[in-house]
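To start, the structure itself, in structure tokens.
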Amino acid sequence: MKKPKLDPRDKRVVNRLRRASNLSDWLISTGLFTLVAQWGLGYNDEITEKFDPSDIVGSLRKIIGASYQFFLDEWPGLILALALYLWFWSYRTHTSNEMDILDGLYPEGQAPANWDKVTNKRFIHVLAVGIVVVFMLLAALLKYPPLFALIMLVLSCQDIFANEILRDNLRRIFSEFRCDLPEDDPRCALHAGRQVAARHYWLDRPQLLRIALMMSATVLVLALTQLPASFPVQSMNIGLTDDRMKVIATLLLAGIIIGNELVMRAWRKVRDEELLTVEIAFEDAQSARAAAESQAAATDRGKRQGGDGVPPPA
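Okay, so the sequence shown: first residue is -17 according to my numbering, each after it adds one.
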């Protein structure tokens, strides 16, 4: 039986990458992350116990009271849940945005179109699913800082692997790129400028060092969670009980996540400003080129019509 002909768009790299990330988009949109986080913190149990279908008003009062007490008891976990959602949301939003940036590095018709040339492409779908699974595990382990820290290390390892796949492909694609447009075409300068901004962000920034620092901080928090068990007498003497250590570790993990996102936000801001500068220069060049062409056309018409007073033959 003859196989159906594949849609050429299915080979485009950016389309295949978007398809790999669709799963995380869908999971966020369905609110699965929120449900898992609520279950991990035990909020769903509180609501179920207080709800009585025969007394809706009374149930609502009990649920409000239980929610208030829940917030008082679980505020460190709620802070960590918000930081984790920020991390998850950032993965989803910026991955989609960066695919558009990568696709815009090349003139129309010259973007990488051969999925088969992507190195380590067989791991991309595994990484896309793995990131979702790891984030769901993190949401389920909000009340268990040691386990949460261990899963954070797994996610950082995935981040290193994905980062290296991206960097390897970018180096190859940049080395192969040639602008086939005329030299004076502003689009060549546009895409060259975009590639410089992309190099600064993905290849020149110490991305691996950022991830390594994040992993080191996570390992330190993991070690701190073991102090009450490893040195019970000394920990008790300084008031470092298990519960207090749990609160400290939870807040430190949230701080690590937020700190990482602040660094990434600063780097993305510089990248976006560089891209904006390139876009503005391109628009100015296009305007100047159009004005020059219009002036040249007007001069040519003037020469043809007023050179010797005789209009040019039809």
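For glycine and all other residues, C-beta sits at the position ideal for the given N, C-alpha and C. Quick caveat: nothing in here was measured; it's all calculated off a predicted structure.
Just how far apart, CA to CA, sit residue i and residue j?
i, j, result
"residue 206", "residue 236", "15 Å"
"residue 62", "residue 232", "7 Å"
"residue 208", "residue 174", "52 Å"
"residue 154", "residue 143", "17 Å"
"residue 284", "residue 270", "21 Å"
"residue 168", "residue 243", "35 Å"
"residue 274", "residue 160", "27 Å"
"residue 278", "residue 254", "36 Å"
"residue 194", "residue 134", "12 Å"
"residue 229", "residue 17", "22 Å"
"residue 109", "residue 136", "12 Å"
"residue 76", "residue 268", "29 Å"
"residue 118", "residue 156", "36 Å"
"residue 85", "residue 60", "38 Å"
"residue 170", "residue 162", "8 Å"
"residue 250", "residue 266", "24 Å"
"residue 52", "residue 42", "15 Å"
"residue 215", "residue 223", "10 Å"
"residue 145", "residue 46", "45 Å"
"residue 282", "residue 272", "15 Å"
"residue 74", "residue 182", "22 Å"
"residue 81", "residue 280", "43 Å"
If you drop the 5 nearest sequence neighbours on each side, which residues of the same chain put their C-beta closer than 7 Å to that of residue i?
i, result
"residue 129", "123"
"residue 196", "138, 238 and 242"
"residue 87", "173, 176, 177 and 180"
"residue 296", "Residue confidence is low: residue 296 scores 49 on pLDDT, short of 50, so the model does not pin down where it sits. No coordinate-derived value is stated."
"residue -15", "Per-residue confidence for residue -15 stands at a pLDDT of 45, beneath the threshold of 50, marking its modelled position as unreliable; the derived number appears in the next sentence. Here the set comprises nothing."
"residue 149", "184 and 185"
Where does residue i land, buried or exposed, given buried means 16+ other C-beta within 10 angstroms?
i, result
"residue 189", "buried"
"residue 238", "buried"
"residue 191", "exposed"
"residue 50", "exposed"
"residue 113", "buried"
"residue 141", "buried"
"residue 260", "buried"
"residue 58", "buried"
"residue 151", "buried"
"residue 20", "buried"
"residue 213", "exposed"
"residue 258", "exposed"
"residue 65", "buried"
"residue 54", "exposed"
"residue 56", "buried"
Within its chain, find whatever has a CB closer than 8 Å to the CB of residue i; leave out the 5 residues flanking it on each side and keep chain order.
i, result
"residue 248", "none"
"residue -12", "With a pLDDT of only 41 at residue -12, under 50, the local geometry of the prediction cannot be trusted, and the value read off the model is given with reservation. Nothing meets the Cβ criterion."
"residue 227", "206, 207, 209, 210 and 217"
"residue 72", "243 and 246"
"residue 203", "127, 131, 231, 234, 235 and 238"
"residue 68", "239, 240 and 243"
"residue 116", "133, 136, 137 and 140"
"residue 200", "131, 134, 135, 138, 235 and 238"
"residue 264", "168, 169, 171, 172 and 175"
Under 6 Å Cβ to Cβ from residue i, same chain only, skipping five residues before and after it: list those, please.
i, result
"residue 256", "179"
"residue 22", "121, 122 and 124"
Tell me, please, whether the CB atom of residue i is closer than 8 Å to any CB atom in chain D?
i, result
"residue 188", "No chain D appears in this structure, which consists of one protein chain only."
Would you check if the region 216 to 225 and the region 175 to 182 touch, i.e. whether three or more CB-CB distances between them fall below 8 Å?
no
At 4 residues or longer, what runs of the alpha helix (DSSP H) sit wholly inside the region 107 to 166?
127 to 158
Report the residue ranges of all alpha helix (DSSP H) runs contained in full by the region 197 to 221; include only those spanning at least 4 residues, in chain order.
209 to 212 and 214 to 219
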